[in-house]
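In my numbering, the protein residues as written are 15 to 132.
Backbone N, C-alpha and C define an ideal beta-carbon position, used for all residues, glycine too.
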């Protein structure tokens, strides 16, 4: 199971970086999304995959004796998902506004139109 996740994480990172190196801003955002999902899966994998109970200590016990799931990676992933959603929504609005003004999403053409809009 972990080997499959490692391969999937590698594919997400590779495809995300490939998409970010393209000239289109839409592909840049898609690459950013893929890279963020790869990072979330990496955090999930580093937190170890165990089948266990939630980390709730019974009122009669002083410590956990059984295998339990670590809540810290889950909290980190939830935080990363919220932050990446905000970043993605901002980037989409920014690309939409830039396209509305320049009528192109090609990054090379946007570099050459800087003098026109100053």
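Distance from the Cα of residue 60 is smallest, within the candidate group 80, 86, 39, 43, for 86.
Distance from residue 47 to residue 102 at the Cβ level is roughly 6 Å; contact confirmed, criterion being Cβ atoms closer than 8 Å.
Inter-residue distance for residue 121 and residue 95 is about 27 Å (C-alpha atoms, whole angstroms). Around the CB of residue 125, fewer than 16 other CB atoms lie within 10 Å, so the residue is classed as exposed. Here residue 97 is exposed, its C-beta having fewer than 16 other C-beta atoms within 10 Å. Between the alpha carbons of residue 81 and residue 22 lies a distance of about 27 Å. Rounded to the nearest whole angstrom, the CA to CA distance from residue 28 to residue 36 is 13 Å. Residue 49 and residue 30 do touch by the CB rule: their CB atoms are close to 3 Å apart, below 8 Å.
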